[in-house]
Ligand code: PAF
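In this note's numbering, the protein residues as written are 237 to 517.
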């Protein structure tokens, strides 16, 4: 694997590879990220992983400063996983001047759920992903389904800007107790780590009860109950909700009757750590 921290060197190296698959990450890699690389390799083109902790997608009181930066270990894992190139730009390379041109995603998608809880987050994500697309010029890119709303937003961005990039979404990789792998799991104390699978369990039980719902009011009542249950267990939930997969809006009676594909999504804080997860149902 060859590693670059400047755009000029990356571009020179990529010159001979017309097809390439991007796996964008913020580093501190785990088996979920390596799964994205494995999917990238299946697509046949060289895999370019990027590692960049993107300040633009963090709110002022979020964990940008303490986000784990483990470049050496990450590079070794990527090399073992058969990644072809690693692009790990410094902040001055990614943003040599303040990024005053930004991608403003549709608020109907970016202003709800995680976008409501983290104002500006998805604008930061869309802007850096667009910039990575411009830098790497991939023919394909792979993202995890754990960040369900992010994946959806990137798919729409690619469609609306007619970018010639095939987006692949990969199922969430989980620990044996069901906890979705996430770099932020490293913040959990042992007691919190033992409790953390409750988020996926709550989504499973919400999805199950919602499958018997007849109206949007039924679903809202189930969501409120799920939020109360999580709060009673010591979590501070932002949302636990069931939405239509295709637009992340609340299902109406027609959707429930016609079995429109749904997804249960949750975000909740355990102590200072905010975890997200989802379940297609
Ligand atoms: O999912 C992530 O790790 C980040 O949001 C991404 C896509 C690498 C953009 O910074």
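Glycine included, C-beta positions come from ideal geometry on N, C-alpha and C. Note that the coordinates shown come from a computational prediction; the quantities given were computed from them, not determined experimentally.
Going by beta carbon distance, what residues of the same chain come within less than 7 Å of residue 485, once the five residues before and after it are set aside? Within the chain shown, the letter at position 249 stands for residue 485. Closer than 7 Å at the Cβ level, and outside the excluded window around residue 485, lie 479.
What is the DSSP secondary structure of residue 384, reduced to helix, strand or coil? On the chain shown, position 148 is the one that residue 384 refers to. In this structure, residue 384 counts as helix in the three-state DSSP scheme.
Taking DSSP as the reference, what is the three-state secondary structure of residue 390? Residue 390 sits at position 154 when you count from the first residue of the chain shown. Note: residue 390 maps to helix in three-state DSSP.
Going by the C-beta, is residue 257 closer than 7 Å to any heavy atom of the ligand PAF? The sequence position of residue 257 within the chain shown is 21, counting from 1. Flag unset: Cβ of residue 257 not near the ligand PAF.
First and last residue of the beta strand (DSSP E) that includes residue 339? For this step, residue 339 is matched to residue 103 along the chain shown. Where residue 339 is concerned, there is no enclosing beta strand (DSSP E), given that its DSSP letter is neither H nor E.
Sorted by chain position, which residues of the same chain lie with C-beta nearer than 7 Å to residue 275's C-beta, five sequence neighbours on each side aside? Locating residue 275 in the chain shown gives position 39, where the first residue counts as 1. Hits under 7 Å: 378, 404 and 406.
Chain-order list of residues whose beta-carbon lies under 6 Å from that of residue 282 (same chain, five-residue window excluded): Working through the chain shown from its first residue, we reach residue 282 at position 46. In the same chain as residue 282, and ignoring 5 residues on each side of it, the C-beta atoms closer than 6 Å to its own belong to 253, 256 and 320, in chain order.
Rounded straight-line distance, which links the Cα of residue 446 to that of residue 505: Start at 1 with the first residue of the chain shown, and residue 505 comes out as number 269. Start at 1 with the first residue of the chain shown, and residue 446 comes out as number 210. When rounded, the distance between both Cα atoms is 23 Å.
Cβ pair count under 8 Å reaching 3, the segment 359-371 against the segment 290-307: yes
Exposed or buried, residue 459, counting other C-beta atoms within 10 Å across all chains shown (16 or more means buried)? The residue you call residue 459 lines up with position 223 of the chain shown. Buried, because 16 or more other Cβ atoms sit within 10 Å of the Cβ of residue 459.
First through last residue of the alpha helix (DSSP H) which encompasses residue 314: In the chain shown, counting from the first residue as 1, residue 314 sits at position 78. From DSSP, the alpha helix (DSSP H) with residue 314 extends over 307-316.
For residue 264 and residue 328, believed in contact at Cβ under 8 Å, the rounded distance: Here residue 328 refers to the residue found at position 92 when the chain shown is read from its first residue. Here residue 264 refers to the residue found at position 28 when the chain shown is read from its first residue. The Cβ separation is near 21 Å, so there is no contact.
Can you tell me which of the three DSSP states residue 513 falls into? Your numbering for residue 513 matches position 277 in the chain shown. Looking at residue 513 - three-state DSSP - the assignment turns out to be strand.
Using CA atoms only, rank isn't needed, just tell me which of 426, 427, 341 and 409 is closest to residue 395. One-based indexing of the chain shown puts residue 395 at position 159. Cα-wise, what sits closest to residue 395 is 341.
Could you please give the first and the last residue of the uninterrupted alpha helix (DSSP H) stretch that includes residue 467? As a first step, residue 467 is located in the chain shown; it is residue number 231 there, counting from the start. Unbroken alpha helix (DSSP H) run through residue 467: 452-468.
Is there a Cβ from chain D that is less than 8 Å from the Cβ of residue 336? Protein chains in the displayed structure number just one, and chain D is not present.
Using C-beta distances below 6 Å, list every residue in its chain close to residue 372, excluding the 5 sequence neighbours before and after it, in chain order. Stepping through the chain shown from its first residue, residue 372 is reached at position 136. 258 and 284, listed in sequence order.
Evaluate residue 423 with the Cβ neighbour count: other Cβ atoms within 10 Å of its Cβ, from every protein chain shown; 16 or more gives buried, anything less gives exposed. As a first step, residue 423 must be located in the chain shown, where it is residue number 187. It is buried - the Cβ of residue 423 has at least 16 other Cβ atoms within 10 Å.
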